[in-house]
Amino acid sequence: MYADRLFNALERNEPAPGQLLVAAPGMNSPEFARSVILVVEHNELMTFGVNLCKRSELAVINVLPEWLNAVAKPQALYIGGPLNQQSVVGLAMTQQGVDIDKEPQLNKLAPRLAHVDLRSEPEEIAALVDGMRFFAGYAEWAPGQLNEEIQRGDWFVAPALAQDVITPGAADLWSDVMKRQQMPLPLYSTFPADIRDN
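Heads up: the sequence shown begins at 1 in full-length UniProt numbering, then just goes up one per residue.
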């Protein structure tokens, strides 16, 4: 597929916490088509991340009402991936001036972007963040699996911005991430979700 060849020709970033895995245009897997996965953990044993794009119809107030004041609009639960959807991952964009390294309930992924320890008090977190999201489930890769998929051209690896986590509901995050990359990736930012719509 042309997208595979395109991604194979690009200079590659290494996956790491705080990086995005951007699905290749026309990816065959319906589970990950037009997905943007934020890598939360990457080591020799596995890679773990959540899909930032897949909003559910379930409101946060119905499942985690105590966290509502910290959650960015739309205040919905997101589907982080196909695995273990009974577990929830919290991610946040911190307020200006917050030193994430000095806040033990936050794990820094990128500037102003943190993985939140959900054992924390919601009021404490709300005072530190400009907004957060909850993701039910996650995506995980076994040793070597993600590298194989990147080599095949399934994923483009790019740095995350904190605001990616709290993108407004009407935004197309996949397209927005593609637009801010070096050429020729912005040319693919209008690639339709269904090629029959082109």
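Every residue gets a Cβ at the ideal spot worked out from N, C-alpha and C, and that includes glycine.
Residue range of the alpha helix (DSSP H) that includes residue i
i      : result
Ser29  : Here Ser29 belongs to no alpha helix (DSSP H), and DSSP marks it neither H nor E.
Leu146 : Gln145 to Arg152
Val63  : Val60 to Val63
Helix, strand or coil at residue i [DSSP, three-state]
i      : result
Arg112 : coil
Arg71  : Going by the sequence as given, residue 71 is Val instead of Arg. In this structure, Val71 counts as strand in the three-state DSSP scheme.
Asp130 : strand
Gln163 : helix
Leu45  : coil
Ser175 : helix
Glu103 : coil
Supposed close pair residue i, residue j - CB separation, criterion 8 Å
i      : j      : result
Ala160 : Arg112 : Not really, about 10 Å apart at Cβ, beyond 8 Å.
Ala76  : Leu58  : 7 Å
Val177 : Val36  : 6 Å
Between the CA atoms of residue j and residue i - distance to the nearest angstrom
i      : j      : result
Met1   : Glu41  : Low per-residue confidence applies at Met1: pLDDT is 48, beneath 50, and the placement is therefore not dependable, though the value from the model is reported in the following sentence. If you take the alpha carbons of Met1 and Glu41, they lie about 30 Å apart.
Met183 : Val89  : 33 Å
Met132 : Glu140 : 22 Å
Pro143 : Glu44  : 6 Å
Gln86  : Gly80  : 11 Å
Leu118 : Asp99  : 19 Å
Limits of the unbroken beta strand (DSSP E) element including residue i
i     : result
Glu86 : Going by the sequence as given, residue 86 is Gln instead of Glu. Its beta strand (DSSP E) spans residues Leu83 to Thr94.
Ile79 : Ala76 to Ile79
Ser22 : According to the sequence shown, residue 22 is Val rather than Ser. Gln19 to Ala23 is the extent of the beta strand (DSSP E) around Val22.
Same chain only: Cβ atoms within 6 Å of residue i, ignoring 5 sequence neighbours per side
i      : result
Ile195 : Per-residue confidence for Ile195 stands at a pLDDT of 49, beneath the threshold of 50, marking its modelled position as unreliable; the derived number appears in the next sentence. No residues qualify anywhere along the chain.
Close-in-space but distant-in-sequence residues of the same chain around residue i (CB under 8 Å, 5 per side omitted)
i           : result
Asn13       : Gln19, Val157, Ala158 and Pro159
Lys102      : none
residue 202 : Since the first residue shown for the chain is 1 and the last is 198, residue 202 is missing from the structure and cannot be characterised.
Any C-beta of chain C under 8 Å from that of residue i
i     : result
Asn51 : Any reference to chain C falls outside this structure, which holds one protein chain only.
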